[in-house]
Each structure stands twice: as C-alpha cells, then as structure tokens.
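Using numbering that gives the first Met the number 0, the letters of the sequence shown map in sequence onto residues 0 to 310.
Cβ coordinates follow ideal geometry from the N, Cα and C atoms, glycine included.
Treat the numbers as computed from the prediction; the structure is a model and nothing was measured.
Below is one structure; the comments refer to it alone.
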Amino acid sequence: MSGVISGFTVIFIVVGVGYLLGRTHVLGDHAHEVLSRLVFFVFTPALLFHSLVTSDLSVIFSSTLVIAGGSAFLMAGVYLVIAKLWLRRPVPELVIGSLAASYVNSVNLGLPIAIFVLDDASFIAPLLMFQILILSPIALVTLDLTALEPTAGRSLVRNSLIAPMTNPIVVGGIAGLIVSVLGLMPPAAVMSPLKMLGDASVPAALLAFGMSLTGVQVFKKGESPRRDIALAAVLKMVAMPLTVYVIARWGFGQTGQALFAQVVIAALPTAQNVLVYATRYRRGQIIARDTALITTLASIPTIAVIALLLA
C-alpha cells in the first residue's frame, strides 16, 4: 500500500503545481495548449523512441500483452458501440471517449506501482508497447482523418496512407521498435538528448492536466457530457479490471502474483495522454479531462480493494 500511496502522491503534487500555474497565469493564457503541443510533438515521441530502443522485446511479447491488449480493445469497442447507438456522438468524440475508457496510465503511475507494489517493472512493458504501437496509432490516424480539416484535393485513401507517417507519436514508436528489432544502439550523443526530452513527457503532461483544471467544474451540469464520462469511467475502473481477472484467471490459468499484477494494471486510471490528444485535435477535451480526474481518484480505493483481495 505504501507504493500505491507514493505513486499517487507524486501525481497529485505535480498536477497541483500545474493547477497553481494555470490559476496564477504565470505562464500566460495559452500555456496549457503550448505545453500540450510540446508533449505531443516533442517529449512523447522522444520518450517512446528511447524506451523502445532500450527495452527487452522478449519481456514485451508475452501473455501480458495479449491480456492487456485484448481487454483494452474490448473496453474501447464497448464504449464505441454504446456511445454511437445511445449517445449518437460524432467519430472524434467516440475516439477520445474510447481512449478514456481503455487507455491506461502506464507511465507516470503504472511504473511506480509496478516497481513499488508489484516489485517487477516488466509487468507494465507489454501494455506500454500495445498502447504505443497499436492503440495510439489506430486512434490518432482516425482523428487525423476525421477531426482535422482536409487539404483540398486529397483523397481519403491518400490521407489514410500519409496520416500515420506524419504523426510524431506514431513515428517515434515505430522508429524505436525498428531500431530495437535490428539490435542497433544509437550513439550516446543521440540517446542522451532523446532521454532528456523523453524524461520531460510525464511531468509536462501532468502539468498540462493540472492547468486544464483551472476555472472548471468537473461533471458540471449543462457543460460536461456526464453520460459519456460516466460510461468511460465505469468501463475503465469496473469493467476492465473484472474483464482482465476473467481472462487471466480462466483464459491463461494465472494465479497469485501474476493474476494480482494483471488486475492492478487494469485498474490504473485513464492516462493524461488522452487529454493531450484531445487538446491536439480540439475534440472531446472535457471527456478526456474529467474521466482522467475521476478515474485517478477512483483508482486509489479500487487498487486498495484489489490488494486486499488478491495480494
């Protein structure tokens, strides 16, 4: 439990600093948007490239990848179907909402919990890979095609081919994987600045998240899409851990520490990256912000209950 408390304390402090910065306007009126764009275009691609180049691929391609990836796809699909048929949302909002329901905070909270609670950081690596190389590219390409103004004369087919290659996060992830598979190691003069930039991704995303909370009321009637947020939060914090338990327990026969780790990872809150994406495309920002905050608060008692039942 001390690891859980420590991980959440770090997050709340940095988010609180971001909130104070936004509240006092020390960085100006457009600081949140500028910082979010830095995370999107610079910090996160550098983090992905460096992380993948230095990762052990044998640890990544394991049963955890199937369990984490399958459950994330399932939650995203359930959200898409319900929000489309019941709430009648447009595609960009459907994409952001599905990410809010399935995209796990695998870095700034997942890594501390994996280290301090699970005593094994390798549990988080497969999920990080899945989100980097599969879930994010699918969502970002869809947003590129549906949320941005199309360039005159471009066809949908051409857009679908070009969009992945112009998205910095996708490019960073794919480039890192290729270098890792080939067994190459760039010189220190290249890796050191990439590590410096990548290290800024998590705190910058948390600061941007804190800034986004300035002057807003979470779940505010008349402004906040309450049904969308409630649907995403319930899927993320209730349905996803239960789904992972069923898949890991009866699908892969896991018990003990392995089963406990899988369920804890599934109970991590929505990542702040979803808000970064929403800000980049200017769609679904309230859904991303409110779901991230609600699930972060809800994950504290949720992980505590899981620890009591399965640890």
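Reference residue i; option with closest CA among the options
i           : options               : result
residue 46  : 309, 173, 286 and 248 : 173
residue 293 : 214, 225 and 68       : 225
residue 99  : 299, 251, 239 and 307 : 239
residue 75  : 254, 281, 233 and 301 : 233
residue 288 : 269, 299 and 302      : 269
residue 12  : 207, 35, 297 and 188  : 207
residue 229 : 92, 265, 197 and 286  : 286
residue 303 : 280, 227 and 112      : 112
Beta carbon of residue i nearer than 7 Å to that of residue j
i           : j           : result
residue 95  : residue 277 : yes
residue 319 : residue 51  : Residue coverage of the chain in this structure runs from 0 to 310, which leaves residue 319 outside it and unanswerable.
residue 243 : residue 70  : yes
residue 291 : residue 261 : no
residue 135 : residue 168 : yes
residue 29  : residue 194 : no
residue 263 : residue 305 : yes
residue 42  : residue 199 : yes
residue 210 : residue 21  : yes
residue 266 : residue 301 : yes
Residues near residue i in its chain [Cβ-Cβ closer than 7 Å; skip 5 each side]
i           : result
residue 191 : none
DSSP bridge partner residues for residue i (one or two, in chain order)
i           : result
residue 269 : 103
Cut-off 6 Å between Cβ atoms - residues of its own chain near residue i, not counting five sequence neighbours on either side
i           : result
residue 152 : Its pLDDT being 42, under 50, residue 152 is placed unreliably by the model, and the measurement read from it follows with that caveat. Contacts found: none.
residue 90  : 145
Inter-residue CB distance, residue i and residue j (contact presumed, cutoff 8 Å)
i           : j           : result
residue 203 : residue 37  : 6 Å
residue 274 : residue 18  : Rounded, the Cβ-Cβ distance is 14 Å, inconsistent with contact.
residue 79  : residue 105 : The pair is not a contact, with the Cβ atoms about 21 Å apart (cut-off 8 Å).
residue 14  : residue 205 : 5 Å
residue 32  : residue 283 : Their Cβ separation, rounded to whole angstroms, is 15 Å, which puts residue 32 and residue 283 out of contact at 8 Å.
Chain-order list of residues whose beta-carbon lies under 8 Å from that of residue i (same chain, five-residue window excluded)
i           : result
residue 61  : 125
residue 77  : 100, 234 and 238
residue 129 : 64, 67, 68 and 71
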